[in-house]
Structures are given as structure tokens and as C-alpha cells.
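**Student:** In our numbering, the protein residues as written are 148 to 437.
Where is the CB? At the ideal position from N, CA and C, for every residue including glycine.
(1) Counting only the same chain and skipping the five closest in sequence on each side, list residues whose C-beta sits under 8 angstroms from that of residue 163.
(2) To the nearest angstrom, how far is it from the Cα of residue 166 to the Cα of residue 222?
(3) Quick check on the burial criterion: 16 or more other C-beta atoms within 10 angstroms. Buried or exposed for residue 434?
(4) Which of the three DSSP states is assigned to residue 369 in this structure?
(5) Where does residue 384 sit, in a helix, a strand or coil, going by DSSP?
(6) So, is residue 308 buried or exposed, given that buried needs 16 or more other C-beta atoms within 10 angstroms?
(7) Going by other Cβ atoms of all chains shown within 10 Å of its Cβ, with 16 needed for buried, is residue 394 buried or exposed?
(8) At 4 residues or longer, what runs of the alpha helix (DSSP H) sit wholly inside the stretch 228-289?
(9) Need the endpoints of the alpha helix (DSSP H) that residue 320 sits in, please.
(10) Might you give, ordered along the chain, the residues of its own chain that have their beta carbon closer than 8 angstroms to the beta carbon of residue 193, omitting 5 neighbours on each side?
(11) Buried or exposed for residue 108, please, with buried defined as at least 16 other CB atoms from any protein chain shown within 10 angstroms of its CB.
(12) What distance in whole Å lies between the Cβ atoms of residue 364 and residue 313, which are believed to be in contact at a cut-off of 8 angstroms?
(13) State the Cα-Cα distance for the pair residue 277 and residue 169, rounded to the nearest angstrom.
(14) What are the boundary residues of the alpha helix (DSSP H) that includes residue 349?
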């Protein structure tokens with residue numbers, strides 16, 4: 148019987164592997180086509196002026212997106228500085244203290260989870276409207292700070308939920324071993340639990356930051372955009388998604404080329420960020436295991 152089963156198993160394995168390969172190609176093919184189209188349409192507009200000059204007035208040729216590039220870096224950097232610590236703290240609390248059996252701790256964890264689910268399920272444009280009423284209206288003008296707060300509200304639930312799930316995957320025996328050695332619980336969490344999950348947590352942070360880097364809707368109500376370099380966190384600022392939208396809806400062919408170039412640059416920045424953080428996460432992971 149085994150001689151009859153082996154050919155059938157090999158045939159079934161080859162069929163399933165072929166189907167998996169076709170599925171992978173079907174998933175990658177649209178991405179490759181998008182990247183090729185972005186390169187074809189936007190490569191011609193990438194020059195030195197694109198990275199060093201600001202937006203030209205309507206009707207003038209040339210110009211660049213230097214102000215939008217710096218604005219995106221400022222928005223994402225400030226949003227990450229606000230959202231990542233709060234998101235990680237929330238994830239650590241839910242993972243390490245949310246199921247301790249104490250009624251007060253579980254009740255607080257329930258409210259934290261509810262708030263995170265509420266923000267994660269809220270459309271980004273509504274978050275922009277919320278920050279508009281919370282920050283822009285009292286300040287009476289748009290600002291980089293308001294845009295960063297809107298992006299941080301999108302970032303916090305992404306970081307919190309993924310970090311909670313990743314920390315729950317760390318074996319409980321590691322926590323018990325650290326506590327048995329007399330190590331304080333906060334050190335066990337910081338050095339052992341987070342250290343064990345560090346590569347995966349870093350990868351999740353990259354995905355969350357890449358997620359907010361391409362947001363446009365909340366920035367329309369908060370940072371609004373600007374044709375020049377930002378002068379401070381309380382002033383309006385441009386961003387690559389905003390500038391791409393502005394150029395794309397314009398009637399000028401030159402601005403359409405700039406929009407394609409901006410989209411290509413935005414995708415390239417996300418890919419580079421993922422590649423760099425993947426290398427760093429592997430290096431940190433190797434150091435942790437040693």
C-alpha cells in the first residue's frame with residue numbers, strides 16, 4: 148500500500164506547492180505593477196530641485212517638495228515620539244497587568260481596551276475632525292503639532308494592540324524565572340519580556356509608522372499644508388501626502404509629474420524604513436539571544 152500512497156502524496160504536495168506559489172504571485176503582482184507605474188511616471192521629475200526647492204507659484208515651472216519632505220519627517224517624528232511610548236506602555240500594561248485577577252486592574256484594562264478599539268475603528272478623517280476641534284479651534288490656526296497629535300492617535304492603538312499580542316507570546320516561564328531570582332517585576336518586564344520580543348516589536352513599530360506616514364485625511368483638518376518651510380510646531384506645515392493631493396487635482400501637467408514623483412518618494416521612504424529596521428531588528432535579536 149505504501150508504494151501506491153507515496154506517488155499520491157508527492158503529486159498532492161506538488162499541486163499544493165504550485166497553488167501556494169500562484170497565490171504568492173497573485174499577491175505580489177499588483178504591488179510590482181504599482182511600483183513599476185510609479186517609477187515610469189515619476190522618475191523623470193526626480194532631480195536636485197525636487198529635493199532642495201519648495202512649491203512654485205501657480206503657472207511657474209520647476210519647484211520641488213523639500214518643504215513637504217521635511218514636513219513629513221517632522222510630523223511622523225513628533226507623532227512617533229508621542230504615540231510609540233504611550234502605545235508600548237498601554238500594550239505592556241494590558242499584557243502584564245490586565246489579567247492579574249485583581250478586579251480594579253481588570254476593570255481598568257477593560258476601559259483601556261475599549262478606548263483602543265474605539266480609536267482603531269474610527270476613520271482617520273474623524274480623528275482629524277476631533278483634533279481640529281480639540282487643538283486647531285482653540286489655537287485658531289493649523290499647526291504641525293495638531294497634525295502630529297492626529298497621527299499619534301492613529302498610532303497609539305496600532306502599537307498597543309500589536310505589542311500586547313506579541314508580549315503574550317513570551318513564555319510565562321521566563322517571567323517566573325526572573326521573579327524567582329529576586330529581580331523586580333518592572334526589570335523582568337523591561338529586560339526579559341521586552342528583550343525577548345524586541346525584534347517582533349520593532350517590526351510592528353515599523354509597520355505602524357509606515358501606516359501613519361501615508362495618511363492624508365487627518366492632515367487636511369490639522370496641519371493643512373504650506374507652500375514654504377515650516378517655521379515651528381505651532382505653524383501650518385506641508386506633508387508628502389498633502390502635496391501629492393494638491394498636485395494631483397491641479398490642471399497643470401508639470402504638477403501631475405511632481406505628484407507621481409512624490410508618490411514614488413513616499414513609497415521608497417516606506418520601503419527603506421522597513422529594510423533598515425528589519426536589519427536592525429535582526430541585529431538586536433541576535434544580541435538578545437546571545
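**Tutor:** Taking the coordinates as given:
(1) none
(2) 43 angstroms
(3) Low confidence applies to residue 434: its pLDDT is 43, below 50, so where it sits in the model is not reliable enough to give any reading.
(4) Judged by DSSP in its simplified three-state form, residue 369 adopts coil rather than helix or strand.
(5) In the three-state reduction of the DSSP assignment, residue 384 falls in the strand class, which pools E and B.
(6) buried
(7) buried
(8) 250-268, 271-278
(9) According to the DSSP assignment, residue 320 belongs to the alpha helix (DSSP H) that extends over 319-327.
(10) 408, 411, 412
(11) Residue 108 is absent from the structure shown; the chain starts at 148 and stops at 437.
(12) Wrong, their Cβ atoms sit about 28 angstroms apart, outside the cutoff.
(13) 44 angstroms
(14) 345-360
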